[in-house]
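See below for the structure under consideration.
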Amino acid sequence: MHCTKCEGLMVPDDLIDMQESSIPMWMKGWRCVSCGNIIDQLIQQHRDLRDSWSKVKSLSPSISRTDKVPA
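Numbering (this note's numbering), first residue to last: 3 to 73.
If you want it as structure tokens, here you go:
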């Protein structure tokens with residue numbers, strides 16, 4: 003697996019999430035050995051959602067504020 007930021011080598015890593023719950027939660031993820039970029043399942047889901055939303059926005063016709071709406 004290659005890093006999305008620097009194309010470096012990604013290695014499996016055990017990550018701890020101490021902010022989202024009252025007890026620390028361990029999860030599996032990937033860390034780049036070159037730049038330290040971290041990818042886990044939630045990060046990837048958010049990026050996929052953002053990318054799909056960008057595609058929808060680029061396909062829909064844009065209406066500027068100066069366009070008149072027919073009555």
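Ideal Cβ placement from N, Cα and C applies to all residues, glycine included.
- L17 has its alpha-carbon roughly 13 Å from the corresponding atom of C34.
- Excluding the 5 residues flanking it on each side, N39 has same chain C-beta neighbours closer than 6 Å at C5, K7, in chain order.
- Ranking W55, L51, G10 by CA distance to the CA of Q43 puts L51 first.
- Taking C-beta atoms as the reference points, M20 and P26 count as a pair closer than 9 Å.
- Taking the CA atoms as reference points, R49 sits about 10 Å from S56.
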